[in-house]
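Chains as they are written, first to last, in the UniProt record's numbering: chain A, 1 to 310; chain B, 1 to 310. Reviewing the structure listed below.
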């Protein structure tokens, strides 16, 4: 789970704008411009290196979140040099935004959105992530979305409502958030895509954090096949991602849950562990390699601060 | 997870022996006879309807368990009419055995072994299961093995060290039993088998009970292909099953763990839920359909008694 983008329509990235990376992949004619325009415009230029459909996918999810949860969020809590960053060689670029929930009346702890583009020896790597973390006034699941493109023919997908409790010990939680919401239908829908196979993270901790309905897929298209990843992203992945986001907004963010003091303390403890381990396994291990120690430290620190784990 | 067979070399099924089912599948020349003979002989005749390699697979696992954990187990706790049972029409037959752990000095709560053979409209269904449940003097994982054959070309496999605790909250548990044991290698080994694909149980509860290294596979061979399921069972599945069983015996049954009184109570509560839900989801839902209400009630009651959930 690598992280990163800016998604609030009213905010722009620090000026002067960064120069385009060596291999820009996106055209400016993407339909995501319309999504952005409808939401107030402004953050789209910060996705210059994503393919149009990948950019639209993220824009669509963020627009969905914005339309329902926008009033529950404060402005960005991330300094400008973390909101957008790159390595010395200019071969890797990232953007990260974190917006905390309003103090009163919001179940949202924060929304984190990010993108990362790296030119590596084997080709370009694009990772976009959306993390919706809830606070301890509710025990409803968090939201995770991540899309990893390491070639035009390969896409790894994570979409999940991350459980807040041990589901074995709390089968009522399983019923409420995973059975009654019929969320597994979305996994079954994407499983039908040609070339889609279940994906197992190398990290056992990441595997253990996921729910039993997690969408964890690797879509690998034949090099000479007729199916195009842009179409898969647009026609298959995007509708499912919006449905998962809507389910989270309807059934998790907006659900009324009664949580006792003891339960709250347990939730805080469990959530802190997830945040700490995620940073440790993912960011602290990968960012220095891609961005150098200074940039990586700055980004990791901003995330730890937002995560309240430092 | 359907259950069933007798595995202790010194015990026989009730006499007179049951007549053979309508479509016996096994020959008496299987190599499992040697395994049994080495262990004292006696229980093999109770697997008449399994294919030779499926029978050898179970015999091998039970022999592995017997050789290490035999002295830790008491004789069978199951009445004769549950140890072997069939439906009125004689189209379905099952065998079940449960051996509790000795009271002092054993970490084993019980070992359950079972087989079930049914002649259904679409063909024969064979299910063999081995459940190794530990007691609350340890927090080490339980063992689950299950093999479901619904046609000569299809095999569903479950093999897992079932976690006793929420692994998100107890990453040390993940390290000790799942990372340091390198158990995921076994999953990767079986994943290479031609036609093997990850299998997702319809029950979200069953999915949530499994560990991040669970082997949950559906091996589906091409009808006209050269690969033979008997060879797959013998050459691929059997070695992995023994390795998983050995890991459980070495690292779980025989590991020394310090468990506080509070932790014990939590373990008992979590284990009880797993047992209750397993019976509810699996046996109570399926046995009456296959064996009729009277036989099903008798079998379920014996299991509930051994599970201490009634």
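Each residue gets a CB set at the ideal place from its N, CA and C atoms; glycine is no exception.
*Closer than 9 Å, Cβ to any Cβ of chain A: which residues of the stretch 256-279 of chain B, in chain order?*
For chain A, the residues of the stretch 256-279 of chain B that bring a beta carbon within less than 9 Å of one of its beta carbons are 266, 269, 270, 273, 274 and 277, in chain order.
_CB contact flag (residue 227 of chain B, residue 233 of chain B, <8 Å)_ = No, Cβ-Cβ distance for residue 227 of chain B and residue 233 of chain B is not below 8 Å.
*Taking 8 Å as the CB-CB cut-off, is residue 141 of chain B touching chain A?*
Chain A, which has no Cβ nearer than 8 Å to the Cβ of residue 141 of chain B, makes this no.
*For residue 196 of chain A: DSSP bridge partner residues*: DSSP, once it has assigned bridges, lists A:219 as partnering residue 196 of chain A.
_Could you check whether the Cβ of residue 190 of chain A sits closer than 8 Å to any Cβ belonging to chain B?_
At least 8 Å separates the CB of residue 190 of chain A from every CB of chain B.
*Within the same chain, show all residues whose beta-carbon is closer than 6 Å to that of residue 143 of chain A, passing over the 5 residues directly before and after it, in chain order.*
Exclusion of the five residues before and after residue 143 of chain A leaves 132 and 248 as the residues of its chain whose Cβ lies within less than 6 Å of its Cβ.
*Proximity to residue 136 of chain A [Cα-Cα], best of A:217, A:149, A:195 and A:163*: Looking at A:217, A:149, A:195 and A:163, the one whose alpha-carbon comes closest to that of residue 136 of chain A is A:163.
*Would you call residue 103 of chain A buried or exposed, if buried means 16 or more other Cβ atoms sit within 10 Å of its Cβ?*
So residue 103 of chain A ends up on the exposed side.
*So who's on the other strand from residue 100 of chain A, going by DSSP bridges?*
DSSP, once it has assigned bridges, lists A:110 as partnering residue 100 of chain A.
_Chain-ordered residues of the stretch 164-181 of chain B with a beta carbon less than 7 Å from chain A_ = Close to chain A, meaning a Cβ-Cβ distance shorter than 7 Å, are the following residues of the stretch 164-181 of chain B: 166, 167, 168, 169, 171, 174, 178 and 179.
*Does the Cβ-Cβ distance between residue 210 of chain A and residue 183 of chain A come in under 8 Å?*
Not a contact, by the Cβ cut-off of 8 Å.
*Which bits of chain B does residue 208 of chain A rub up against, with CB to CB less than 9 Å?*
By Cβ distance, chain B contributes 163, 166, 167, 168, 171, 174, 178, 211 and 212.
*Step through the CB atoms of chain A and report whether any lies within less than 8 Å of the CB of residue 73 of chain B.*
Output row for residue 73 of chain B: interface = no.
*Following the continuous beta strand (DSSP E) through residue 60 of chain B, name the residue where it begins and the one where it ends.*
Per DSSP, residue 60 of chain B belongs to no beta strand (DSSP E); it is in the alpha helix (DSSP H), 52-69.
*From the beta carbon of residue 144 of chain B, is the nearest beta carbon of chain A less than 8 Å away?*
Not closer than 8 Å to any Cβ of chain A, the Cβ of residue 144 of chain B fails to qualify, so no.
*Kindly indicate which residue of A:100, A:93 and A:111 has the alpha-carbon position closest to the one of residue 117 of chain A.*
For residue 117 of chain A, the nearest C-alpha among the options comes from A:93.
*asked:* Just to confirm, is the Cβ distance from residue 106 of chain B to residue 62 of chain B under 8 Å?
replied: Against a cut-off of 8 Å, the Cβ pair of residue 62 of chain B and residue 106 of chain B comes out as no contact.
_Measuring straight from C-alpha to C-alpha, what distance separates residue 140 of chain B and residue 245 of chain B?_
Rounded to the nearest whole angstrom, the C-alpha separation of residue 140 of chain B and residue 245 of chain B is 14 Å.
*With DSSP as the reference, label residue 124 of chain A as helix, strand or coil.*
Strand at residue 124 of chain A.
*Give a yes or no on whether the C-beta atoms belonging to residue 98 of chain B and residue 78 of chain B are separated by under 8 Å.*
Yes, the Cβ-Cβ distance between residue 98 of chain B and residue 78 of chain B is below 8 Å.
*Return the CA-CA distance between residue 252 of chain A and residue 177 of chain A, expressed in angstroms with no decimal places.*
Those two C-alpha atoms are separated by around 8 Å.
_residue 278 of chain B - DSSP class collapsed to helix/strand/coil_ = Helix at residue 278 of chain B.
*asked:* Please report the distance separating the alpha-carbon of residue 44 of chain B from that of residue 112 of chain B.
replied: The predicted model places residue 44 of chain B with a pLDDT of 36, which falls under 50 and marks its position as unreliable; any figure quoted below should be read in that light. Cα atoms of residue 44 of chain B and residue 112 of chain B: separation of roughly 16 Å, rounded to the nearest angstrom.
_6 Å Cβ shell around residue 189 of chain B - same chain, five flanking residues per side excluded_ = These residues qualify, in order along the chain: 240.
*Give a yes or no on whether 8 Å exceeds the smallest Cβ distance from residue 134 of chain B to chain A.*
Closer than 8 Å: no.
*When you compare each of B:52, B:127 and B:60 to residue 283 of chain B by their alpha carbons, which one comes out closest?*
A check of alpha carbon separations from residue 283 of chain B across B:52, B:127 and B:60 identifies B:127 as the nearest.
*Please state whether DSSP places residue 206 of chain A in a helix, a strand or coil.*
Annotated three-state conformation of residue 206 of chain A is helix, per DSSP.
*Where residue 243 of chain B sits in the DSSP three-state scheme*: Three-state DSSP puts residue 243 of chain B in a helix.
*Would you say residue 217 of chain A faces chain B, with C-beta separation under 8 Å as the test?*
Residue-level contact check: residue 217 of chain A does not touch chain B, since none of the beta carbons of chain B fall below 8 Å from its beta carbon.
*Cα-Cα separation, residue 301 of chain B to residue 279 of chain B*: Answer to the nearest angstrom: the Cα atoms are 10 Å apart.
*Can you tell which of B:152, B:303 and B:171 has the C-alpha that lies nearest to the C-alpha of residue 276 of chain B?*
Nearest of B:152, B:303 and B:171 to residue 276 of chain B, Cα basis: B:303.
*Can you grab the Cα-Cα spacing for the pair residue 214 of chain B / residue 203 of chain A, in whole Å?*
Residue 214 of chain B and residue 203 of chain A: Cα-Cα distance of roughly 14 Å.
_the stretch 277-301 of chain A: positions lying closer than 9 Å to chain B by Cβ_ = Cβ contacts with chain B: 277.
*Residues of the stretch 93-122 of chain B with a CB closer than 8 Å to any CB of chain A: list them in chain order, please.*
Within the stretch 93-122 of chain B, no residue has a Cβ that lies closer than 8 Å to any Cβ of chain A.
_For residue 354 of chain B, tell me which candidate among A:258, A:129 and A:267 has the shortest Cα-Cα distance._
A question about residue 354 of chain B goes unanswered here, because the residues of chain B that appear run from 1 up to 310.
*Give the residues of chain D in contact with residue 198 of chain B, contact being defined as C-beta atoms less than 9 Å apart.*
Absent from the structure: chain D. Protein chains present are A and B.
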